[in-house]
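Presented below is the structure to which this report refers.
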Amino acid sequence: MATVNQTVKRFIAGARCPNCQKMDTTVSYFEKDIGQHNAAEHHIMVRECTECDFIEKMYPENVDAGSNGAIQQINVKEVL
Numbered sequence: 002m003a004t005v006n007q008t009v010k011r012f013i014a015g016a017r018c019p020n021c022q023k024m025d026t027t028v029s030y031f032e033k034d035i036g037q038h039n040a041a042e043h044h045i046m047v048r049e050c051t052e053c054d055f056i057e058k059m060y061p062e063n064v065d066a067g068s069n070g071a072i073q074q075i076n077v078k079e080v081l
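Residues in the sequence shown are numbered from 2 upward in steps of one, following this note's numbering.
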């Protein structure tokens, strides 16, 4: 189990890296980010490849909203 300061990284099954095109090398995790405008803390999603230097940070303002403007939640089942 992860401790308070430990980041849990999960592989994205079947995902192909947009940079090196290798399959099953992409991990996803959340990272703390301090907002510049109001110093509020946000959690951003990070996607990176374990084989190359690809890294993508997905900030809340870049999240695609549904037709009613609400962010769509997708539930993911964790397999142990």
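Glycine residues also receive a C-beta, built at the ideal position from the N, C-alpha and C atoms.
Nearest to Thr26 by alpha-carbon distance, out of Met59, His44 and Ile13, is Ile13. Secondary-structure assignment with DSSP links Thr27 through a beta bridge to Cys50. Leaving aside the five residues that flank Gly15 on each side, the residues in its chain whose CB is nearer than 8 Å to its CB run, in chain order, Met24 and Asp25. At the C-beta level, Val28 and Arg11 come within 8 Å of one another. With fewer than 16 other Cβ atoms inside 10 Å of its own Cβ, Cys21 counts as exposed.
The C-alpha of Val9 lies about 18 Å from the C-alpha of Tyr60.
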